[in-house]
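Chemist: First, the structure itself, so that you have it in front of you.
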Amino acid sequence: MVLTLSRGHYCPKEHQQHLELAAFYPKVAVAYTQMATIATDDHHVLQEFRASVGAQWPFLSDPGRIVQKDLDIQEYTDPDHDPMIPHTLVLKPGLVIHSIYNGYWFWGRPSVEELRRDLRAVTSEIRPDWDLSTPGLRDAWNAGNWAPFHGWNKKSAGA
513 MVLTLSRGHY
523 CPKEHQQHLE
533 LAAFYPKVAV
543 AYTQMATIAT
553 DDHHVLQEFR
563 ASVGAQWPFL
573 SDPGRIVQKD
583 LDIQEYTDPD
593 HDPMIPHTLV
603 LKPGLVIHSI
613 YNGYWFWGRP
623 SVEELRRDLR
633 AVTSEIRPDW
643 DLSTPGLRDA
653 WNAGNWAPFH
663 GWNKKSAGA
């Protein structure tokens, strides 16, 4: 999962990052990966931001700044908007952190290529069928043991 903790709609850096993520999203979707954005904007403003960048993933509104407070990431240099310090996280299943990018400055945010590398590393770690030449996988398949094979692991041997 890619999770962005966003300043909100008013920030041109957020707009640029989310445009890039929206262009990347079709690849994320076909790779069975999720994305989400959390910002302190109210619901309607945040949905307008989502639409303006063409995002197809959930944008979650946190006007009470629960995430900001729980993670102690208040951007104290912007008292007018009181946003979170922007972060992008790549998470493994169970919301285990694989990598964190601090986006206070734009160049601290991950490029699409950096996200691709992170997601490749996570996927290769969590998918037993990442490399079909792994010893034992062909034998498992031929024996009808589809448990190691993503997408096939829910199919019964008798079907």
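Residue numbering for the sequence shown follows my numbering, beginning at 513 and increasing consecutively. A virtual CB, placed ideally from N, CA and C, is assigned to each residue, including glycine.
Look at the alpha carbon of T549 and the alpha carbon of L515, and state the distance between them as a whole number of angstroms.
Modeler: 6 Å
Chemist: When you compare only the Cα positions, how much space is there between D582 and R562?
Modeler: 24 Å
Chemist: At the level of alpha carbons, what is the spacing between D574 and G656?
Modeler: 47 Å
Chemist: Quick check: the Cα distance between S564 and P538, rounded to an integer number of angstroms?
Modeler: 17 Å
Chemist: My output table needs one value for Y537: the three-state DSSP class, helix, strand or coil.
Modeler: helix
Chemist: Check S573 in the structure and name its three-state DSSP category.
Modeler: strand
Chemist: Near F618, which residues of its chain fall below 6 Å by C-beta distance, leaving aside the five closest residues on each side in sequence?
Modeler: K525.
Chemist: Could you tell me which of T635, P660, A633 and L627 sits nearest to T646, measuring between CA atoms?
Modeler: P660
Chemist: Cα separation between P598 and L607?
Modeler: Looking at the two C-alpha atoms, the distance is approximately 18 Å.
Chemist: Taking the alpha carbon of D630 as the reference point, which residue from F571, L601 and I585 has its own alpha carbon closest?
Modeler: L601
Chemist: If you draw a straight line from the alpha carbon of L644 to that of Q568, how long is it in whole angstroms?
Modeler: 31 Å
Chemist: Leaving out five residues on either side along the sequence, give the residues of the same chain with a beta carbon under 6 Å from the beta carbon of L531.
Modeler: Around L531, the same chain offers V565 as residues with beta carbons nearer than 6 Å, after the five sequence neighbours per side are excluded.
Chemist: Give the range of the beta strand (DSSP E) segment to which I609 is assigned.
Modeler: Per DSSP, I609 is one residue of the beta strand (DSSP E) stretching across V608 to N614.
Chemist: Between H555 and H521, what straight-line distance do the alpha-carbon atoms span, to the nearest angstrom?
Modeler: 11 Å
Chemist: Would you list the one or two residues that DSSP bridges to S564?
Modeler: Answer is none; S564 lacks a bridge partner.
Chemist: I'd like the ranges of any beta strand (DSSP E) spanning at least 3 consecutive residues and lying wholly in the stretch 588 to 669.
Modeler: 599 to 604 and 608 to 614
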